[in-house]
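Under the working numbering, the first residue of the sequence shown carries the number -17, and numbering increases by one thereafter. For reference, the structure discussed in these notes is given below.
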Amino acid sequence: MNLEQLTKQVESICVEIAAFIREEAPKFTEAEVNTKSANNLVTHVDHTAEDRIVEALEKLLPNAGFIAEEGSGEQGVGLNWIIDPLDGTTNFVHGVPCYCISIALVDGTEPLLGVVHEVTRDERFTAWKGGGAYLNGKPIRVSARKELQDSLLATGFPYDDFGYEAEYMDLLRELMHRTRGIRRLGSAAADLAYVACGRFEAFYEYGLNSWDVAAGVLLVREAGGKVSGFLPSKDPVFDEEIVASNSAIHDEPLEAQKKKKKKKKKKKKKKKKKKKKKKKKKKKKKKKKKKKKKKKKKKKKKKKKKKKKKKKKKKKKKKKKKKKKKKKKKKKKKKKKKKKKKKKKKKKKKKKKKKKKKKKKKKKKKKKKKKKKKKKKKKKKKKKKKKKKKKKKKKKKKKKKKKKKKKKKKKKKKKKKKKKKKKKKKKKKKKKKKKKKKKKKKKKKKKKKKKKKKKKKKKKKKKKKKKKKKKKKKKKKKKKKKKKKKKKKKKKKKKKKKKKKKKKKKKKKKKKKKKKKKKKKKKKKKKKKKKKKKKKKKKKKKKKKKKKKKKKKKKKKKKKKKKKKKKKKKKKKKKKKKKKKKKKKKKKKKKKKKKKKKKKKKKKKKKKKKKKKKKKKKKKKKKKKKKKKKKKKKRGGGGGGGGGGGGGKKKKKKKKKKKKKKKKKKKKKKKKKKKKKRVERNWQRQDS
């Protein structure tokens, strides 16, 4: 698996998804926001982006599983893609420009590659294991600051789960006074990427998920930083707590947290001591109270003894009184019983008289009822006759009414037909309007239904997949059990058959046994040969794999060595350049001093030469004047010739002036060329 090539493919996927998110940002409204919990927001952009990413990554590695924020895909055993399609959804909803796409490939708990795409700034942070970290294709390193007071830190605050609130506030209070500042961007992936490129010196947070952190952890490590949990046993990707830094100040946030814990322990110890002191005081008070209570109890016991004696005397007197009362009560009861017996006899006599009277009344009532029934029958017969007469009259009236009604109905039908035609026209118009409204409503409903169906399908897929897994496990277990049972049965059958065959073969012939033994031996030899061949093939494959692994390791080592050599060469070059610069500066200073000395010497020489020339000119002039005077004396017309000689001198002077001008121009050109060369050298030094 070529990790470098795979990271480039993942990077291109992130570029496509980032373009989609930027298109949706201006169209987005708060009505489209859903909530997973109180402050945990989710949008349709999260879902669609995640679905597209999962679909693209399945093509790259079809056997890998997925750990995604919105629940797309299934988690695998070995390789897993960890995806956060929009880290910083709250920032996206409120229009705050800091939200990222985070994708990482993990083997178990170890990240192999990571990509963080900052959407608003269009920055792509990439890294793969052993390949270094990059920002838009250029290598990056963590910050080189070594003191906490010069450092800028980043963190995140709880918004949903406030279980770590106390730890946050304690650590924040400690670090606020010891750093240059603390920032909270709202995207853990962006925080870690900024640590990797040196914008932050450190980042810490509690209560994070693997999709927030997986890609950023690899970025920091490959950029030369350090990542861990607050405890050494904690894994920063999967254990909900993380500290990432440039490795120079990594221990200071951890020590700050430990100090806070120690202070808390001291406070607890002090509280315990205070409680113990209070308990001791309470015990002393209780002992004093017990002593007082004992004294009071002794006094009470003495009083109780005296009271008991008095009570005994009173009880004896009461018993005597009770005996007298009982005797009186018995006499009264006997008298009452006699009275009750007399009353009962009187009641029985009265009941017998009442029964006789009731029987007489019942007989009279029966006679009256019979008379009433006879009268009712006569009345009913009369009523029936009257009803028959009335019915005949009603029938005649009904026939007349029916004829009238038929005429009215015909008139009404004509009117109704006209009305119906008008109504039909109106109804048609209304129906057309209703159809248009219904179509609009249906379109809206369809859109809503599609959204709901998508959500339901996702939920159903998850449930189906879970059910399928369970069914597969059950089927596998059942198959295994069945296979075991079949094997046992087959073994039993084979044993029985073998026994029968052996008995028959022993009876028939012993030769057949020998032949079979020979055949078995041949088969065993063939099997052994096949097994040996298979083992040899496996060994060869293993050797090839080992060789490949060794080659890969050697390549990695060579790459690392090359990088180290390059770094050393760069350092050496820098040192050499510095030395050269120093030497050049020294040479320049020496040259300047020499030039100054030469200039001074030249000036002195020029002055001397000028003085000598002036003296010579004066001497020549004097000689010429003397010669002229002599010539004038010799010939009087010598003036004209002298004039011609004067004209020849003027021409010579003009030629000399022209030569001087040419020399000056040449000197100026040379100076300009020297200046250009100096400027070019300075630019070359700055570039290097």
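Think of the CB as a built atom: it goes at the ideal place given N, C-alpha and C, for glycine as much as any other residue.
- Separation of K426 and A126 (C-alpha to C-alpha, rounded to the nearest whole angstrom) is 58 angstroms.
- Around the beta-carbon of G207, 16 or more other beta-carbon atoms lie within 10 Å, marking it buried.
- Taking 8 angstroms as the cut-off, the beta carbon of L134 is found closer than this to the beta carbon of F182.
- Spatial neighbours of V24 in its own chain (CB-CB distance under 8 angstroms, excluding positions within 5 residues in sequence) are listed in chain order as V15, N16, T17, K18, E52 and T71.
- Of all alpha-carbon atoms in A175, Y188 and K506, the one lying nearest the alpha-carbon of A148 is that of Y188.
- Note that the region 199 to 216 touches the region 102 to 113; at least 3 beta-carbon pairs, one per stretch, sit closer than 8 angstroms.
- In the three-state scheme derived from DSSP, where H, G and I count as helix and E and B as strand, E32 is classed as helix.
- Counting C-beta pairs with one atom in each stretch, the region 82 to 98 and the region 165 to 184 have three or more that are closer than 8 angstroms, which means they touch.
- In the structure shown, C(-4) adopts helical secondary structure according to DSSP, grouped into three states.
- In the DSSP assignment, H99 falls within the beta strand (DSSP E) that extends over E92 to E100.
- For Y188, the secondary structure class from DSSP, reduced to helix, strand or coil, is strand.
- K471 and K482 have their C-alpha atoms spaced approximately 17 angstroms apart.
- Beta-bridge partners of P218 (DSSP): none assigned.
- If you draw a straight line from the Cα of G211 to the Cα of T102, it is about 30 angstroms long.
- The C-beta distance from G180 to E(-14) rounds to 23 angstroms, too long to meet the 8 angstroms contact threshold.
- Boundaries of the beta strand (DSSP E) harbouring Y116: G114 to L117, taken from the DSSP string.
- Per DSSP, reduced to three states, the secondary structure at L43 is coil, with no helix or strand assignment.
- In the structure shown, the three-state DSSP call for P140 is coil.
- Assignment of beta-bridge partners to G163 by DSSP yields L134.
- Taking a C-beta distance under 8 angstroms as the contact criterion, I3 and L68 qualify as a contact pair.
- DSSP lists D89 as the beta-bridge partner residues of L61.
- Assignment of beta-bridge partners to N(-16) by DSSP yields no partner.
- DSSP lists W63 as the bridge partner or partners of F48.
- For F182, no beta strand (DSSP E) encloses it, and the DSSP letter there is neither H nor E.
- Beta-bridge analysis with DSSP links N16 to V24.
- Taking C-beta atoms as the reference points, V209 and I224 count as a pair closer than 8 angstroms.
- Distance from the CA atom of K350 to the CA atom of K356, rounded to whole angstroms, is 11 angstroms.
- E5 sits in a helix when the DSSP states are folded into three classes.
- In the structure shown, E105 falls within a strand segment according to DSSP collapsed to helix, strand and coil.
- Residues of the same chain with a CB within less than 8 angstroms of the CB of G163, apart from the 5 flanking positions on each side, are L134 and L135 in chain order.
- When secondary structure is reduced to three states using DSSP, P235 falls in the helix class.
- Per DSSP, the unbroken alpha helix (DSSP H) holding V75 starts and ends at T71 to H76.
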